[in-house]
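So the sequence shown is numbered by our numbering: it starts at -12 and just counts up by one. Built from N, CA and C at the ideal position, the CB exists for glycine as well. Predicted model, so just to flag it, every value in this text is computed and none were measured.
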Amino acid sequence: MEGMRETVVAETRGVVKQYGAVRALGGVDLAIGRGELVALLGPNGAGKTTLVRLLLGLATASAGEVALFGQSPRRREVRLRCGAMLQGARAPEMLRVREHIELFSSYYPAPLPLAETVAAAALGGLENRLFGQLSGGQRQRVLFALALCGNPELLFLDEPAAGLDIEARRALWEHIRRFVDRGGSVLLTTHQLDEADALADRLVVIHRGRIVAAGTPAEVKSRTALKKIRCATRLDEPSLRAIAGVARVGLGQGAAEIFTAEPERVLRELLARDPYLSGLEIGVGGLEEAVLALTGGSLSERTN
-12 MEGMRETVVA ETRGVVKQYG AVRALGGVDL AIGRGELVAL LGPNGAGKTT
38 LVRLLLGLAT ASAGEVALFG QSPRRREVRL RCGAMLQGAR APEMLRVREH
88 IELFSSYYPA PLPLAETVAA AALGGLENRL FGQLSGGQRQ RVLFALALCG
138 NPELLFLDEP AAGLDIEARR ALWEHIRRFV DRGGSVLLTT HQLDEADALA
188 DRLVVIHRGR IVAAGTPAEV KSRTALKKIR CATRLDEPSL RAIAGVARVG
238 LGQGAAEIFT AEPERVLREL LARDPYLSGL EIGVGGLEEA VLALTGGSLS
288 ERTN
């Protein structure tokens, strides 16, 4: 797009990463725009973590170019414009929440006020609690606060909602949206496809070190041939799975969701087997079906 170069905050061009005989990335082109949230999806081992490490300057590409704000990601002034919440990160357990935030804030030239950081991470009332006394979900919120406290322009979030209950997840999503609405950019890696669907402006699906799809959530969903039949039925799950042409079945909220590439055939069989079928809806398959189709049917092949 003409003029996009001025608004790109993170970019890789033709990036290759080789670990001995193993090629983790095989020529990846990625650009994240200002004020854009990009979700990076794919099975374990696809190359997501390697790509994030390159963008953070924690690893060096074997070939190609990596840039943040048009500069090397290893430059100190570039790193001060970024925040990161990485999966598996730890913090000293004997420091209080307030102390952690104040310490991290001191590394940045213009950090957010403590109260604003605490509010953004929903840590009110926990400021004086030792990190070691926090629950798993509370620790996740502290790590989000540490990524946010420096008032970054670009956030790297790796599975940010892991360990959070539904209410806490929704609150975190709202704070991420506000960050983007203020002009911030986010690269989100997640296995929670509802999270990616709800938050992302653009999805990038990576498989075996290459990008296999990119676009809006609606565009990526359209890449699957599966259709979704939603209905209320008296048939149980094994009976639904036994119908020829059914690829997958999900049950919940008083309805069955049946995924198939042959909706007419399956629908005829449903009506023949259950004359009380009701609440019938037919639509495109969801994001999970699209990602599974694009990555050969697996979201957890091996450790990245």
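Three or more C-beta pairs closer than 8 Å, one from the stretch 164 to 178 and one from the stretch 89 to 104: is that the case here?
-> Contact between the stretch 164 to 178 and the stretch 89 to 104 is absent, because fewer than three Cβ pairs lie under 8 Å.
Identify which residue in LYS215, ASN138 and LEU113 has its Cα closest to the Cα of ASP126.
-> The sequence given here has Arg at residue 126, not Asp. Taking ARG126 as reference, the option from LYS215, ASN138 and LEU113 with the minimal CA-CA separation is LEU113.
Measuring CB to CB, does ALA48 end up less than 8 Å from VAL2?
-> Between ALA48 and VAL2, the C-beta spacing is below 8 Å.
Nearest-angstrom Cβ-Cβ length linking VAL236 and ALA243, presumed shorter than 8 Å | Indeed they touch by this definition, with Cβ atoms about 6 Å apart.
Spatial neighbours of ARG197 within its chain, please: CB distance less than 6 Å, with the 5 preceding and 5 following residues excluded, ordered by chain position.
-> Result list for ARG197: GLY13, in chain order.
Where the alpha helix (DSSP H) containing ARG68 begins and where it ends | Element bounds for ARG68: n/a, residue is neither H nor E.
ARG289 versus ARG40 - alpha carbon distance | With a pLDDT of 37 at ARG289, under the threshold of 50, the predicted position of this residue should be treated as unreliable, and no value is reported.
Spatial neighbours of HIS87 within its chain, please: CB distance less than 7 Å, with the 5 preceding and 5 following residues excluded, ordered by chain position.
-> Within the same chain, HIS87 has close Cβ partners ALA78, PHE118, VAL129 and LEU133.
Is it right to say THR282 is buried, meaning 16 or more other beta carbons lie within 10 angstroms of its own, or is it exposed?
-> Buried: at least 16 other Cβ atoms inside 10 Å.
Three-state secondary structure assigned by DSSP to SER172 | SER172 falls in the strand class under three-state DSSP.
With a cut-off of 8 Å on the beta carbons, I'd call LYS215 and GLY272 a contact; round off their distance for me.
-> Contact holds; Cβ gap of about 5 Å.
Would you kindly work out how many angstroms separate the C-alpha atoms of LEU186 and VAL192, rounded to a whole number?
-> Cα-Cα distance, rounded: 15 Å.
For THR203, the nearest candidate out of LYS4, LEU27 and ALA97 (CA to CA) | For THR203, the nearest C-alpha among the options comes from LEU27.
ALA248 versus ASP261, GLU276 and LEU264, residue with shortest Cα-Cα distance = Of the candidates ASP261, GLU276 and LEU264, GLU276 places its Cα closest to the Cα of ALA248.
If you follow the beta strand (DSSP E) that ASP145 is part of, which residue opens it and which one closes it?
-> Its beta strand (DSSP E) spans residues 141 to 145.
When burial is assigned at 16 or more other CB atoms within 10 Å of the CB, is MET81 buried or exposed?
-> The residue is exposed, with fewer than 16 neighbouring Cβ atoms inside 10 Å.
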